[in-house]
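Novice: Residue numbers (the UniProt record's numbering): 1 to 586.
What follows is a single structure, and I will ask about it in a moment.
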Amino acid sequence: MPRELAPDEYCELGRAYYAESNHKKALEAFTHAFNASTKQDIKFLDMRASVYEKLDDFNAALKDGRRMIQLGREDPRGYLRTARVLQRQEKSQLALDIYNLGLRRSSKDHHGSANFKLLQKLQNELSRLLSPPKSIDPLTVFPPEIVDLIMSHLNFRQQVNCLRVSKQWKRFLDSQESLWTNLDLSMAKRNVRPAFVRACIYRSNMHMKTAKFNRFRHEDMVWKLAKSCKQLESLHFLGSELSGSSIIEPAKMCQNLREIVVGEGAMMTILDLRSILKVAGRLASIDIVIFPGLGSRAIFWDVDVPNLRKLKLRCRVPGNTNCVVMDTLSLTTSAPNLIELGLSQVQLKEQPDFTTLTQLEELYVDRTEYWPLVPSCLRRLRVEDVRSLPSAAAAAIDLPHLEELVIANLTSSDQQVSLWDLLSKDEDGIVTIDPTWTDLKKLGVGLAIEGIADERFAIEYLGHPRLHRVEDLTISIIGYDYTGCAEYVLDGLPDLFPHLRRLSLPGSRATGADLRPLIEKMACSETQSATDNLGDADTTTAQDARSLRRPGIEYLNLDGCAHISADAIEWIRQRGIEVSHKVRVI
């Protein structure tokens, strides 16, 4: 009795018959090979289908291709065979659908195989073949207003990447002047070539309004930009490549300059700042980081700057000591129309008096010897590292429009008592609460707590009527050595701040057990009073129910909180709350 051949032997026999053009015998051999294989290897069906194609029996070949897909759903060979047979039948669109199906279904194990790469190649070729011969990119036929609207959602880096899509896109985007009026190199990852900046200048048709430089060291191109773009209003120097005259001279050239920003990398000195102030008469915004260097460290405001609305001066020296001296009287006299003022590590002579700045809305001062005198029009106040209590004159100033208050690094409960006066009305020495004053939306404060008496006082202090609608709260608890304090303070927050959305407890010793009652009380939930009012009314809709939900806490900052476990953080996040939990407070 003759021996039964193995599948591979039938396969070799079929190949031999095929080479001899004996297609009938080849079909029989491949059929025996498939039937003899225990795992029904689809490679034998693939070989039989190729013989059917040779015989122009496309229906039989298509049947084998479909059987291959059924047996190997994630194998690209079945899709390749079926799609190629359909192409020979001039069913190109159906073949393209099979190619796409194969690309979606093929497993990752096959993504590096030659068959999968061939599948991708044939799908790409057929897609291009079936594309209309006169297809038009929709971006090129949109009105310019629509293009501007689309591009406004992209940052400058993404906008530049759009130039690489195609030559047609590049020609079109190059012609849109409005897209290139703001040069932004702040996100540059490597040194920027001058040719790129020159191209942006030409694309804007010399109408550039804003230029932000970073990783750019070609000062001659900066000069050219300042000289050619007459409408330039804002200059930002963020990197360390340009400094000194490379910043000052372009600023002098820009006759319409309204804003200048100089970062730490530029190493701006006091002398450089004085040169900037000589052209400050037309500036509306100045934001500069100063490195004093040698020589005088005094800042003189001997130029009137009536147009100046925003001023931020930050000093950087080792040791975090005040190294720049400034006379606030000369500042307030020279810049009477300031709206925003920030002074960091700047030593102020005597008690700083800003009451003459009748338009001031935002003030930031740190490392000061004296509590500043502020105008009653102030809306946002931030003071850090104050070394003295507010004087009687400072406490007597009413702040009816205050919306944000951040007082950091307090060291005694006496300072907390004085802060109560800032939020209250002082009439002939009698402290009262005026209900017409604006409620605060943001509060940041450090609480000096050394015992249970201070805990209770902290709760009373946070219970000021103007703090009832606070939505953003930051609390730093200073000076306690036991965890019970954190629990006591946290328990009182839901009643004190029912509208709270963002809570920050940096460096707190609170544990997950301390936070759990707070989260359960202030998580998104329907209020009981709203539920009682609904009753059994049939007219109540789902939208009405949603409108009665209290949003609750949306963000929780626990940076530097070493006593909170990862499980507690995960539990909070499962309640739909965004959590920041960094190991160290930066």
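Quick reminder that beta carbons are idealized off the backbone N, C-alpha and C, glycines included.
(1) Let me know if D272 comes out buried or exposed under the rule of 16 or more other beta-carbons within 10 Å of its beta-carbon.
(2) Using a Cβ-Cβ cutoff of less than 7 Å, which residues in the same chain neighbour Q40 once the five nearest sequence positions on both sides are dropped?
(3) Considering just the uninterrupted stretch of the beta strand (DSSP E) at L326, what are its terminal residues?
(4) What's the C-alpha gap between A530 and A513?
(5) What three-state label does DSSP hand G446 in the structure shown?
(6) Please report how far the alpha carbon of Q255 lies from the alpha carbon of E233, in whole angstroms.
(7) Express the C-alpha separation of A523 and D538 in angstroms, rounding to a whole number.
(8) Have a look at M221 and V197 and give me their C-alpha separation to the nearest angstrom.
(9) Compare the Cα-Cα distances from V406 to each of S424, L473 and G14 and report the closest residue.
(10) To the nearest angstrom, how far is the alpha carbon of S186 from that of S240?
(11) Excluding the five sequence neighbours on either side, which residues of its own chain have a C-beta within less than 8 Å of the C-beta of I564, listed in chain order?
(12) DSSP three-state call for S21: helix, strand or coil?
(13) May I have the straight-line CA-CA distance separating L402 from A335, to the nearest angstrom?
(14) Give me, in chain order, the residues of the same chain whose beta-carbon lies closer than 6 Å to that of E344; leave out the 5 immediate sequence neighbours on both sides.
(15) List the DSSP bridge partners of Y202.
(16) Mind checking I569: buried by the 16 CB within 10 Å criterion, or exposed?
(17) Counting only the same chain and skipping the five closest in sequence on each side, list residues whose C-beta sits under 6 Å from that of G265.
(18) Once DSSP output is grouped into helix, strand and coil, what is the label at G342?
(19) My parser needs the alpha helix (DSSP H) runs of 4 or more residues fully inside the region 62 to 136; what are they?
(20) Quick one: what's got a C-beta closer than 7 Å to V147's C-beta in the same chain, skipping five residues either side?
(21) Skipping 5 residues on each side, what residues in its chain have a beta carbon closer than 8 Å to that of L80?
(22) Quick one: Cα of I42 to Cα of M68, how far?
(23) Measure the beta-carbon distance from T181 to S166 and round it to whole angstroms, keeping in mind my assumption that it falls under 8 Å.
(24) Pull up the distance between the alpha-carbon of Y10 and that of Y18, whole angstroms please.
(25) Alpha carbon to alpha carbon, what distance is there between E90 and L45?
(26) Along the chain, where does the alpha helix (DSSP H) containing I146 start, and where does it finish?
(27) Verify whether the separation of the beta carbon atoms of K441 and R469 is less than 8 Å.
(28) Note down the Cα distance separating residue 589 from A199, rounded to an integer number of angstroms.
(29) Within its chain, find whatever has a CB closer than 6 Å to the CB of L490; leave out the 5 residues flanking it on each side and keep chain order.
(30) Rounded to whole angstroms, what is the Cα-Cα separation between H153 and Q159?
(31) Give me the Cα-Cα distance between G244 and V289, rounded to the nearest whole angstrom.
(32) Just verifying my parser: in three-state terms, what is the DSSP assignment at M268?
(33) Are there 16 or more other CB atoms within 10 angstroms of the CB of K189, so buried, or fewer, so exposed?
(34) Could you spell out where the beta strand (DSSP E) holding D385 opens and where it closes?
(35) Rounded to whole angstroms, how far is the Cβ of T333 from the Cβ of L348, which I believe are closer than 8 Å?
(36) Rank D385, N100, L423 and L363 by C-alpha distance to the C-alpha of P400 and give the top, closest one.
Specialist: Answer, in terms of the structure:
(1) buried
(2) F34 and L71
(3) According to the sequence as given, residue 326 is Met; it is not Leu. Segment V324 to M326, the beta strand (DSSP E) holding M326.
(4) Bear in mind that the predicted position of A530 carries a pLDDT of just 39, short of 50, making it unreliable; the figure below should be weighed with that in mind. Each residue's alpha carbon lies about 29 Å from the other.
(5) strand
(6) Between Q255 and E233, the C-alpha separation is close to 9 Å.
(7) Because D538 sits at a pLDDT of 42, beneath the cut-off of 50, its placement in the model cannot be relied upon, and the point is left open.
(8) 8 Å
(9) L473
(10) 12 Å
(11) A510, T511, G512, L515, L558 and H581
(12) coil
(13) 22 Å
(14) According to the sequence displayed, residue 344 carries Ser and not Glu. The answer, listed in chain order, is R314 and D366.
(15) BP columns for Y202 are empty, so no partner.
(16) buried
(17) A distance below 6 Å between beta-carbons, with the five flanking residues on each side excluded, links G265 to the following residues of its chain, in chain order: G239 and S240.
(18) strand
(19) 76 to 88, 92 to 105 and 114 to 130
(20) L139 and Q176
(21) G102, N115, L118, L119 and L122
(22) 6 Å
(23) So it is not a contact: roughly 24 Å between Cβ atoms.
(24) 12 Å
(25) 22 Å
(26) P144 to M151
(27) yes
(28) Here the chain covers residues 1 to 586 and nothing more, so residue 589 does not appear.
(29) Only D514 and L518 meet the Cβ criterion.
(30) 9 Å
(31) 13 Å
(32) strand
(33) exposed
(34) Careful: D385 lies outside any beta strand (DSSP E) and carries neither H nor E.
(35) T333 to L348, Cβ: 15 Å. No contact.
(36) L423
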